[in-house]
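Single-structure report; data block below.
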Amino acid sequence: MKRQNLKPRKMMFRTHLIFSFLIGLLIINSFNIQNKILFIIIILLASALPDIDSYKSKIGKKIKPISFLINLFFSHRGIFHSPFLLILISMLIVITNLEIAAAFFIGCLSHLVLDSLTPEGVMFFYPFSKRRTKGFIRTGSLFENILFILLLALCFYMII
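Numbering (our numbering), first residue to last: 2 to 161.
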């Protein structure tokens, strides 16, 4: 009998993208966003950004030297999965453009929300607390695939 790998892992890249896309659609349909396409693109890019601290992630593989250096100093799901760093970076971006800052914040936050649904969870109050908010959705599991399909269906519904 084959033994399953029960090690908790991160949410799949595609699930992060489709969830952030759905959030972006909800926002551009609810608020007066000037550049809707740019807003969505930034949300999508930002939804992958917290995983820059893992050189094994999709974004980490694209910029491996940077991701490797970050991983030397910071653990995965540490400071780069912290709302405090996210708020700080968003405050710096808001100086140039409020919509870009909002898209960045929303994309990154959507990543943290989904990662908090996994068994590994997220330390929402890091570096002040190492307590993790955890869920039960395992990467690549049937439940994550169902979640992905539901999110995809909602996106199609929003577009049509």
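A virtual CB, placed ideally from N, CA and C, is assigned to each residue, including glycine. Note that the structure is predicted; figures quoted are calculated from it, not measured.
Query raised in the report: What is the DSSP secondary structure of residue 119, counted as helix, strand or coil?
Result: In the structure shown, residue 119 sits in coil (DSSP, three-state: anything other than H, G, I, E or B).
Requested in this report: Using a threshold of 8 Å, state whether the C-beta atoms of residue 113 and residue 51 are closer than that.
Outcome: In contact: residue 113 and residue 51 (Cβ atoms closer than 8 Å).
Requested in this report: From the DSSP output, in three-state form, read off residue 134 for me.
Outcome: Secondary structure at residue 134: strand, using DSSP grouped into helix, strand and coil.
Query raised in the report: Got a sec, what are the start and stop residues for the alpha helix (DSSP H) residue 17 sits in?
Result: According to the DSSP assignment, residue 17 belongs to the alpha helix (DSSP H) that extends over 14–31.
Query raised in the report: How would you label residue 78, buried or exposed, when you count the other beta carbons within 10 angstroms and need 16 or more for buried?
Result: Under this definition residue 78 is a buried residue.
Query raised in the report: residue 56 and residue 69 look like a contact to me (Cβ under 8 Å); what is the Cβ gap, rounded to whole Å?
Result: Indeed, because the Cβ distance is near 5 Å, the residues count as touching under 8 Å.
Query raised in the report: Near residue 21, which residues of its chain fall below 8 Å by C-beta distance, leaving aside the five closest residues on each side in sequence?
Result: Excluding sequence neighbours, residue 21 sits near 44, 45, 47, 48, 107, 108, 111, 112.
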